[in-house]
Structure formats: C-alpha cells, structure tokens
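Trainee: Take a look at this one; I'll ask things after.
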Amino acid sequence: MDLHRTSILNQMDYSRDSKEGKTAQATEDRLDSGLDSLKEEEYQAVAAEIRRLQLECEAPEHKQLPAPTRELYEWQTQITEDGDTLLHLAIIHEAKEFIKTMIDQSKNTDFLNRQNDLRQTPLHLAVITKQPEVCLNLLVSGCDPTLVDNNGDTPLHIACRHGNLHCFSVITQKSRPVHLHTAMAACNYNGQNCLHLASVQGFLSLVERLVDLGADINAKEQHNGRSALHLAVDQQNLLLVKLLLKKGANPNLLSFGGHCPYHLTIGLDNWEINKELYSVTHPDLRELPDSESDDSDEEEHMDSDDEVNYDDIHWNGH
Numbered sequence: 001m002d003l004h005r006t007s008i009l010n011q012m013d014y015s016r017d018s019k020e021g022k023t024a025q026a027t028e029d030r031l032d033s034g035l036d037s038l039k040e041e042e043y044q045a046v047a048a049e050i051r052r053l054q055l056e057c058e059a060p061e062h063k064q065l066p067a068p069t070r071e072l073y074e075w076q077t078q079i080t081e082d083g084d085t086l087l088h089l090a091i092i093h094e095a096k097e098f099i100k101t102m103i104d105q106s107k108n109t110d111f112l113n114r115q116n117d118l119r120q121t122p123l124h125l126a127v128i129t130k131q132p133e134v135c136l137n138l139l140v141s142g143c144d145p146t147l148v149d150n151n152g153d154t155p156l157h158i159a160c161r162h163g164n165l166h167c168f169s170v171i172t173q174k175s176r177p178v179h180l181h182t183a184m185a186a187c188n189y190n191g192q193n194c195l196h197l198a199s200v201q202g203f204l205s206l207v208e209r210l211v212d213l214g215a216d217i218n219a220k221e222q223h224n225g226r227s228a229l230h231l232a233v234d235q236q237n238l239l240l241v242k243l244l245l246k247k248g249a250n251p252n253l254l255s256f257g258g259h260c261p262y263h264l265t266i267g268l269d270n271w272e273i274n275k276e277l278y279s280v281t282h283p284d285l286r287e288l289p290d291s292e293s294d295d296s297d298e299e300e301h302m303d304s305d306d307e308v309n310y311d312d313i314h315w316n317g318h
C-alpha cells in the first residue's frame, strides 16, 4: 500500500508524480474526491451493495483473528476509478450509518488509511466535508492523522486552511501526541505548516491554539523563510501581529532575504503595525538591508537607461 506520511526532513518534495495514467488535480479542484462523480441512482446502487454484503454481520472466524492478520472483507477491496473505497464514498455522501458500520468493522487496520488517487484518506475527506463526528470515530479506531495528500497536506493542514474549528478540535484532542506534533511541524508542498496556513487566513483562535499545543511560533515557511509574524504583516493583520508578539514571536527573525517583520511594514499604509513592531525590533535591524537599496538602484537603472532592443528575437520562426 502506498501510504504517504509527513516527514520533518525533506518537506519540499515536489517530485511526487500523480498515479500513472491520471492527470494530477489540486485538492481545491476536487475536494470531495468524486462528489459529483456519482449520480443518485449510482449512489443508491452502492448503498444496496453495502447492504448485500451485510456489513453488520461479522463472520465468526474473523473475530478470532487479530486485526493485522484478518482477511479483508469483499467490500473493503472494492475501489472506484478514482481510487475511492466504499468508506471514501460513504463519507463523501455523508451516509452516517454506513460510515459507522465500516469504521467499526475496520478498527486498527490499514483500511482506515487507504488513500485514493489524490492520496486522500477517509480522515482527509471527513475534514473536507466538515464531519467532526466521523473524524472522532476514525481517530479512536486507529487511523493515522499524519498521512498527506497530493498537496502534502495532512487533515490538520486542511482544517487550519479552512478554519474548520470543530474538526481541528477533534484532531488535536484525539490524536496521539507524537502524531499531533508531527502534523503541526510538517510543511506541505507549498512549504507551509499548520501555523502558517492559519496565520495567512487570519484565524486567530487557531493560531493561539496551535501555539498553546506546542507549534513552533518562529518556524519559517520554506519558500522565503518567513515566520508567522512575517505573514501577519503581509496580511496587514494588526490583531494577529499583537497576538503573535504576546505569544513570544521573535520580531528580529530574518527571512531568507534578510528581512525582519518590521522591514515589511515600510511602504504600507498601516502605521499601527509599523509602530507595534518598531519598538520591539532591534535598533540594528530597523534599517533595510543594503542589498535592498542596491537591488532597487539596479532595477531603476535598468528601467531608466538604455532600452533593451528585442527586434532580433524570433518566436516560432517569425
């Protein structure tokens, strides 16, 4: 089984290809992993098939075997063309009775961690469809909350991006501590961890909760080396700037380009954020780096001096 877990090392793994023969799709393009792929009559057919297989009646011989060695039921082996299991489909269509039965029949087995062609687990889909009770059932039944989808997102990343407080609360309360800290520290394929996502979206309650749970408030996103405080300034979110400073964010942390959060206020209209950061920024960091002025001078020179002549460039032979 091809399970993709978060890894604190080598987070920026852009080389993962989509399943052979499938065109990669962003999670935002098809969050429901096939919500529109089944018509009502097709869904009813799936439901009828589940009834036919008599999920509620577990074979006696299976009860005597430990979970890791138990053979899969027939319904656990059925997969759609999008890689969805019947549990994926039941969650997508919010068929609560079937969801509970299938999870109860699959406790502490890899079936709960099966990933579809977008590498979404049932827990990913439970968060996407905003079903905290399903998240709870999956977590107490042994699913792994550190698995990532095609964007490198764990279910917790998705909850933080969309401000899904109920699913966020279930995941943070019911995940094993080692799983929770792994999910919070991991960066997705855009280089952002859960705190970065919550900060960009301005979800103050989630930011505060993540920090209280042990998220690194000074962790840098992996594109430009910006911390949550940098991102709060980018969003011109004064309340978030104040919250992060109160929680211990380092105002002197430099991005990969050598800029502290105060530098990002220069040129912005929000003087309150400028004032808030000026007093806590080290005096030696209140001036922009020399490279900034050098770069701007060079760009100005390029714009104002000799024009670049492109007459000799040919496109497609023309």
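Just so you know, we're using UniProt numbering here: the sequence shown kicks off at 1 and counts up by one.
All C-beta atoms in this analysis are idealised placements derived from N, C-alpha and C, irrespective of residue type, glycine included.
Note that the structure is a prediction, hence the values are computed from the model and not measured.
1. Kindly indicate which three-state DSSP category T109 falls into: helix, strand or coil?
2. Of all the options V207, E221, R209, which has the alpha carbon lying nearest to the alpha carbon of A186?
3. So what's T85 in DSSP terms, helix, strand or just coil?
4. Cα separation between H88 and K174?
5. Consult DSSP for S33 and reduce its assignment to one of helix, strand or coil.
6. Could you give the first and the last residue of the continuous alpha helix (DSSP H) run that contains P177?
7. Measure from the alpha carbon of D216 to the alpha carbon of each residue in V241, A232, M184, then state which is nearest.
8. May I ask you to report which of helix, strand or coil DSSP gives L72?
9. In three-state DSSP terms, what is I217?
10. Quick one: grab the DSSP three-state call for L147.
11. Since I believe G202 is in contact with residue 319 (beta carbons under 8 angstroms), could you give me their beta-carbon distance rounded to a whole number of angstroms?
12. Am I right that I99 and L125 are in contact with their C-beta atoms under 8 angstroms? What's the rounded C-beta distance?
13. Determine whether the beta carbon atoms of N193 and A219 lie at a separation below 7 angstroms.
14. Excluding the 5 residues preceding and the 5 following P289 in the sequence, name in chain order all residues of the same chain whose CB lies nearer than 6 angstroms to its CB.
15. Confirm, please, whether the CB-CB distance from A198 to C160 is below 7 angstroms.
16. Going by C-alpha to C-alpha distance, which of I171, H157, L229 sits closest to L281?
17. Taking Y262 as the reference, give the member of H196, G83, L277 with the closest Cα.
18. Nearest to C260 by CA position, among L204, S227, G142, is which residue?
19. Go through its chain and collect everything with a Cβ distance to V211's Cβ below 6 angstroms, but skip five positions before and after it.
20. Quick check: what's the CA-CA separation for N108 versus W271?
21. Does DSSP classify I266 as helix, strand or coil?
22. Cβ of D104 within 7 angstroms of Cβ of G83?
23. If you count every other CB in all the chains shown that lies within 10 Å of the CB of L156, and 16 or more means buried, which is it?
24. Residues in the same chain with beta-carbon distance under 8 angstroms from L264, minus the five sequence neighbours each way, listed in chain order, please.
25. I79 bridges to which residues according to DSSP?
26. Given a threshold of 16 other Cβ atoms within 10 Å of its Cβ, counted over all protein chains shown, does F111 qualify as buried or as exposed?
27. Check the C-beta distance from Q120 over to E94 and give it rounded, since I have them as a contact under 8 angstroms.
28. Does DSSP classify K189 as helix, strand or coil?
29. When we look at the beta-carbon of V178 and count the other beta-carbons within 10 Å, is it buried (16 or more) or exposed?
Mentor: So, to answer that:
1. For the purposes of this step, residue 109 is taken as residue 109 along the sequence shown, with counting starting at 1. Coil at T109, not helix or strand.
2. One-based indexing of the sequence shown puts residue 186 at position 186. Comparing Cα-Cα distances from A186 to each of V207, E221, R209, the minimum goes to E221.
3. The residue you call residue 85 lines up with position 85 of the sequence shown. If DSSP states are grouped into helix, strand and coil, T85 belongs with the strands.
4. As a first step, residue 88 is located in the sequence shown; it is residue number 88 there, counting from the start. As a first step, residue 174 is located in the sequence shown; it is residue number 174 there, counting from the start. Spanning the two alpha carbons is a distance of roughly 21 angstroms.
5. Position 33 of the sequence shown, counted from the first residue, corresponds to residue 33. Low per-residue confidence applies at S33: pLDDT is 47, beneath 50, and the placement is therefore not dependable, though the value from the model is reported in the following sentence. S33 carries a coil assignment under DSSP once its states are collapsed to helix, strand and coil.
6. Taking the sequence shown and counting its residues from 1, one reaches residue 177 at position 177. Looking at the DSSP string, the run of the alpha helix (DSSP H) that includes P177 is 177–185.
7. As a working mapping, residue 216 is identified with position 216 in the sequence shown. Residue nearest to D216 within the set V241, A232, M184 is M184 (criterion: CA-CA distance).
8. Here the question's residue 72 lines up with position 72 in the sequence shown. If DSSP states are grouped into helix, strand and coil, L72 belongs with coil.
9. Taking the first residue of the sequence shown as position 1, residue 217 is located at position 217. Three-state DSSP puts I217 in coil, outside helix and strand.
10. As a first step, residue 147 must be located in the sequence shown, where it is residue number 147. Residue state, collapsed to three classes: strand.
11. Absent from the structure is residue 319, since the part of the chain shown begins at 1 and ends at 318.
12. Here residue 99 refers to the residue found at position 99 when the sequence shown is read from its first residue. Here residue 125 refers to the residue found at position 125 when the sequence shown is read from its first residue. That belief does not hold up - the Cβ atoms of I99 and L125 are roughly 10 angstroms apart, past 8 angstroms.
13. Here residue 193 is taken as the residue at index 193 of the sequence shown, counted from 1. Here residue 219 is taken as the residue at index 219 of the sequence shown, counted from 1. Cβ distance < 7 angstroms, so N193 and A219 count as in contact.
14. Start at 1 with the first residue of the sequence shown, and residue 289 comes out as number 289. Within the same chain, Cβ atoms closer than 6 angstroms to the Cβ of P289 are found at G258, the five residues on either side in sequence being excluded.
15. Reading the sequence shown from its first residue, position 160 is the one you call residue 160. Reading the sequence shown from its first residue, position 198 is the one you call residue 198. Cβ atoms of C160 and A198: closer than 7 angstroms.
16. One-based indexing of the sequence shown puts residue 281 at position 281. According to the sequence shown, residue 281 is Thr rather than Leu. Nearest in C-alpha terms to T281, of all of I171, H157, L229, is L229.
17. Residue numbering aside, residue 262 sits at position 262 when the sequence shown is read from its first letter. Closest option to Y262, Cα to Cα, is L277.
18. Indexing the sequence shown from 1 puts residue 260 at position 260. Selected option, being the one with the closest Cα: S227.
19. The residue you call residue 211 lines up with position 211 of the sequence shown. Same-chain partners within the cutoff: I217, K247.
20. For the purposes of this step, residue 108 is identified with residue 108 of the sequence shown, where counting begins at 1. For the purposes of this step, residue 271 is identified with residue 271 of the sequence shown, where counting begins at 1. Those two C-alpha atoms are separated by around 54 angstroms.
21. As a working note, residue 266 is residue 266 in the sequence shown. Correct three-state label for I266: coil.
22. To locate residue 104, count along the sequence shown from 1; it is residue 104. To locate residue 83, count along the sequence shown from 1; it is residue 83. No; because the gap between Cβ atoms is not below 7 angstroms, this pair is not in contact.
23. Reading the sequence shown from its first residue, position 156 is the one you call residue 156. Burial is judged here by how many other beta carbons sit within 10 angstroms of a residue's own beta carbon; L156 has at least 16 and is buried.
24. Numbered from 1 along the sequence shown, position 264 holds the residue referred to as residue 264. H230, V233, D234.
25. Walking along the sequence shown from the start, residue 79 turns up at place 79. DSSP lists T85 as partners of I79.
26. Taking the sequence shown and counting its residues from 1, the one referred to as residue 111 is at position 111. Buried.
27. Residue 120 sits at position 120 when you count from the first residue of the sequence shown. Residue 94 sits at position 94 when you count from the first residue of the sequence shown. Taking a contact as a CB-CB distance under 8 angstroms, the pair Q120 and E94 does not count as one, their CB atoms being some 16 angstroms apart.
28. Residue numbering aside, residue 189 sits at position 189 when the sequence shown is read from its first letter. According to the sequence displayed, residue 189 carries Tyr and not Lys. If DSSP states are grouped into helix, strand and coil, Y189 belongs with coil.
29. Counting from 1 along the sequence shown, the entry for residue 178 is found at position 178. Taking all protein chains shown into account, V178 has fewer than 16 neighbouring C-beta atoms within 10 Å of its C-beta and is therefore exposed.
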